[in-house]
Amino acid sequence: MKIVVITSSPRSKKKSTSEFLAEKFIEGAESNGHEIFRFDAGHSEINPCRGCDYCGMDGDCAIKDDISKNLTAKLVECDLIVLTTPLYYFGVSAQLKIVIDRFYARTGRISGKKSILIATAWNSDSWTMQALDQYYQTLVRYMRWQNLGAIYAVGCGYRDAVERSKFVDQALKLGKSI
Ligand SMILES: Cc1cc2nc3c(=O)[nH]c(=O)nc-3n(C[C@H](O)[C@H](O)[C@H](O)COP(=O)(O)O)c2cc1C
Numbered sequence: 011m012k013i014v015v016i017t018s019s020p021r022s023k024k025k026s027t028s029e030f031l032a033e034k035f036i037e038g039a040e041s042n043g044h045e046i047f048r049f050d051a052g053h054s055e056i057n058p059c060r061g062c063d064y065c066g067m068d069g070d071c072a073i074k075d076d077i078s079k080n081l082t083a084k085l086v087e088c089d090l091i092v093l094t095t096p097l098y099y100f101g102v103s104a105q106l107k108i109v110i111d112r113f114y115a116r117t118g119r120i121s122g123k124k125s126i127l128i129a130t131a132w133n134s135d136s137w138t139m140q141a142l143d144q145y146y147q148t149l150v151r152y153m154r155w156q157n158l159g160a161i162y163a164v165g166c167g168y169r170d171a172v173e174r175s176k177f178v179d180q181a182l183k184l185g186k187s188i
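The numbering of the sequence shown is the working numbering, which starts it at 11 and goes up by one.
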């Protein structure tokens, strides 16, 4: 499978908890021979959709940045999209939301793929990931994606916490399972 993994933390690669789990997923998926394209939205030049409709929902985007130059074509040709994010006020990071909004230029062609969500959060209340899960399920429904799984890594606010959590194994196993 061709897999696009989108990370979206603005933290450094050494500190990010969500990138750490994304890397574990990649390790598992690569051990099964899958081809990975990784896009680090938190460390790229990205700009929000302007709603200008230049693309007509199926065309080139008027914005020339790392999304249009490096990511969009990979999204169109891949089989599986893996969204990874830190939980920011109960939703995805602004960086990931920018990427998702930019799907608009190719919505039809990014539809019907497989998807996975990996999210990390500081809190671990039963409702910590509720709003994010609803958002993800709605996105999956609209995009007619096939959800292969979601990892909601609660109680993982900093690197040590995620490294010793059960979610490391979950991310590796999810990568190996596909
Ligand atoms: C702007 C901001 C908003 C956050 N919002 C939440 C939140 O709503 N719930 C929560 O449990 N943690 C929240 N956190 C904590 C992060 O989700 C947590 O530290 C996560 O591990 C960060 O992932 P990263 O290291 O990959 O950036 C927030 C952190 C920041 C900086």
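C-beta atoms are modelled at their ideal positions from N, C-alpha and C, and glycine is treated no differently.
Remember, it's a predicted structure, so these values are computed and weren't measured experimentally.
Let me check understanding here. Comparing Cα to Cα, which of the options lies closest to residue i?
i, options, result
"Glu45", "Ile56, Asp179, Val14 and Phe30", "Val14"
"Val172", "Thr17, Ala32, Ser18 and Met11", "Ala32"
"Tyr162", "Lys79, Met11 and Met139", "Met139"
"Phe47", "Asn80, Leu106 and Thr27", "Asn80"
"Pro20", "Pro96, Ser125 and Tyr114", "Pro96"
"Met67", "Ala104, Val164, Phe113 and Ile16", "Phe113"
"Glu29", "Glu37, Gly38 and Thr17", "Thr17"
"Ile77", "Asn57, Ile126 and Lys23", "Asn57"
"Leu93", "Glu87, Lys12 and Val102", "Val102"
"Leu149", "Asn42, Thr117 and Gln105", "Thr117"
"Gly7", "Arg60, Lys12, Ser136 and Gln105", "Since the first and last residues shown for the chain are 11 and 188, residue 7 lies out of range."
"Cys62", "Lys25, Ser22 and Asp111", "Asp111"
Quick one: Cα of residue i to Cα of residue j, how far?
i, j, result
"Gly159", "Asp179", "14 angstroms"
"Leu184", "Phe35", "7 angstroms"
"Gly167", "Phe177", "13 angstroms"
"Ile91", "Ile73", "22 angstroms"
"Ile188", "Asp75", "31 angstroms"
"Ala131", "Gly165", "6 angstroms"
"Ser175", "Cys65", "43 angstroms"
"Ala141", "Asp70", "32 angstroms"
"Glu198", "Arg169", "The question about residue 198 has no answer here: the residues shown for the chain are numbered 11 through 188."
"Phe100", "Ser41", "33 angstroms"
DSSP puts residue i in a beta bridge; with which residues?
i, result
"Val178", "Val178 is not bridged to any residue."
"Asp70", "Asp70 pairs with nothing; no bridge assigned."
"Phe49", "Ile16"
Which whole-angstrom value is the C-beta distance of residue i and residue j, which I expect to be below 8 angstroms?
i, j, result
"Arg154", "Ser121", "5 angstroms"
"Ala128", "Ala181", "Going by the sequence as given, residue 128 is Ile instead of Ala. Contact flag correct, Cβ pair sits at about 6 angstroms."
Tell me whether residue i, by its Cβ, gets closer than 7 angstroms to a heavy atom of ligand 2.
i, result
"Tyr146", "Of the ligands this structure carries, namely ligand 1, none is ligand 2."
Using a Cβ-Cβ distance cut-off of 8 angstroms, determine whether residue i contacts chain D.
i, result
"Tyr98", "This model lacks chain D altogether, as it is built from one protein chain only."
> Which runs of the alpha helix (DSSP H) fall wholly inside the stretch 78–162 and span at least 4 residues, in chain order?
Replying inline: 82–87, 104–111, 117–120 and 140–153
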